[in-house]
Amino acid sequence: TQLLEQSPQFLSIQEGENLTVYCNSSSVFSSLQWYRQEPGEGPVLLVTVVTGGEVKKLKRLTFQFGDARKDSSLHITAAQPGDTGLYLCAGVGLNRKLIWGLGTSLAVNP
Amino acid sequence: IAGITQAPTSQILAAGRRMTLRCTQDMRHNAMYWYRQDLGLGLRLIHYSNTAGTTGKGEVPDGYSVSRANTDDFPLTLASAVPSQTSVYFCASSDAGGGSINEQFFGPGTRLTVL
Chain A
1 TQLLEQSPQF LSIQEGENLT VYCNSSSVFS SLQWYRQEPG EGPVLLVTVV TGGEVKKLKR
61 LTFQFGDARK DSSLHITAAQ PGDTGLYLCA GVGLNRKLIW GLGTSLAVNP
Chain B
111 IAGITQAPTS QILAAGRRMT LRCTQDMRHN AMYWYRQDLG LGLRLIHYSN TAGTTGKGEV
171 PDGYSVSRAN TDDFPLTLAS AVPSQTSVYF CASSDAGGGS INEQFFGPGT RLTVL
């Protein structure tokens, strides 16, 4: 069974701080996606990483796919209150269905 | 362009009643999905459809049924609701072609309470 573990589960920081959240598995994924979900809304895709070692940047967000395609990280520089939300990673599994992590709930306090 | 719409936004339902959650997409995506999201359990796949006319079971299909009569609509039916089906339900779609990437687009969700 393919599983994705996210850490930390909860994170509360002050505006302007940097943070990193992790998505780890013992399984290899063909690609991995990061979503952000705001309260009362559905998840919204942020990025897809496909190649081992790949790094993608989205403004202050930096996503990295591990060399072995088993893990990924999301780094946010100078966090803002608008970054508050639930960050979910999802790997494309053996049958092309998404394997979801439980998410990291981020609160950025002004 | 609306993307994915879901109805109702929220519903309180008596146990034993039948309920259909509606989902419509206007992106002409071939694949559609129903998830439930519960605190501590994350997103769990209930049913999916890879193309109109076909459906499949996900991780937690018991007590739910779906149909896919056309590309745009993917209703989820609870035949006889039970309190454990209290959850937030999300419909999603993807343009799941021959490649390995399965990027999904989500609706706003339906918050269902079964009493």
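Line by line, the protein sequences give chains A and B.
If you count the first sequence from 1, position 65 lands on 65 in my numbering, and the numbers rise without skipping.
For my numbering, add 110 to where a residue sits in the second sequence, where the first one is 1.
Even glycine gets a Cβ: it sits at the ideal position worked out from N, Cα and C.
Shorter than 8 Å from the beta carbon of residue i to some beta carbon of chain B?
i: Arg69(A); result: no
i: Val92(A); result: yes
i: Pro43(A); result: yes
i: Val96(A); result: First, the amino acid is wrong: residue 96(A) is Arg here, not Val. Yes, Arg96(A) counts as interfacial toward chain B.
i: Val21(A); result: no
i: Val50(A); result: yes
i: Leu32(A); result: no
i: Leu102(A); result: yes
Are the C-beta of residue i and some C-beta of chain A separated by less than 8 Å?
i: Ala206(B); result: yes
i: Asn212(B); result: yes
i: Leu155(B); result: yes
i: Pro185(B); result: no
i: Gly218(B); result: Here the sequence assigns Pro to residue 218(B), which means Gly is not the residue at that position. True, the Cβ-Cβ gap to chain A drops below 8 Å.
i: Gly152(B); result: yes
Between the options, which has its C-alpha nearest residue i's C-alpha?
i: Val92(A); options: Ser30(A), Ser12(A), Ala107(A), Ser72(A); result: Ser30(A)
i: Asn140(B); options: Thr220(B), Phe216(B), Ala206(B); result: Ala206(B)
i: Gln9(A); options: Gly103(A), Asn109(A), Ser26(A); result: Gly103(A)
i: Gln6(A); options: Gly85(A), Leu58(A), Val21(A), Ser12(A); result: Val21(A)
i: Arg221(B); options: Gly113(B), Ile211(B), Cys201(B); result: Cys201(B)
i: Tyr199(B); options: Ser120(B), Gly113(B), Ala112(B); result: Ser120(B)
i: Asn109(A); options: Glu41(A), Trp34(A), Ala78(A); result: Ala78(A)
For residue i, write down the residues that DSSP places opposite it in a beta bridge.
i: Val47(A); result: Trp34(A)
i: Arg221(B); result: Ser120(B), Val198(B)
i: Arg154(B); result: Arg146(B)
i: Ser26(A); result: Beta-bridge pairing links Ser26(A) to no other residue.
i: Asn109(A); result: Gln14(A)
i: Leu19(A); result: Ile76(A)
Excluding sequence positions up to five away, which residues of its chain have a Cβ less than 8 Å from the Cβ of residue i?
i: Ala68(A); result: Val28, Gly52
i: Ser175(B); result: His157, Leu186, Thr187, Ala189
i: Arg154(B); result: Tyr145, Arg146, Gln147, Asp148, Gly168, Glu169, Val170
Excluding the 5 residues flanking residue i on each side, which residues of the same chain have their C-beta closer than 6 Å to its C-beta?
i: Ser194(B); result: none
i: Ala107(A); result: Ser12, Thr84
i: Ser73(A); result: Thr20, Tyr22, Gln64
Assuming residue i contacts residue j (C-beta within less than 8 Å), just tell me the rounded distance between them.
i: Leu88(A); j: Gln37(A); result: 6 Å
i: Asn160(B); j: Leu98(A); result: About 13 Å; that fails the 8 Å criterion.
Can you list, in chain order, the residues of its chain with a C-beta nearer than 7 Å to that of residue i? Leave out the 5 residues immediately preceding and following it.
i: Arg127(B); result: Ala191
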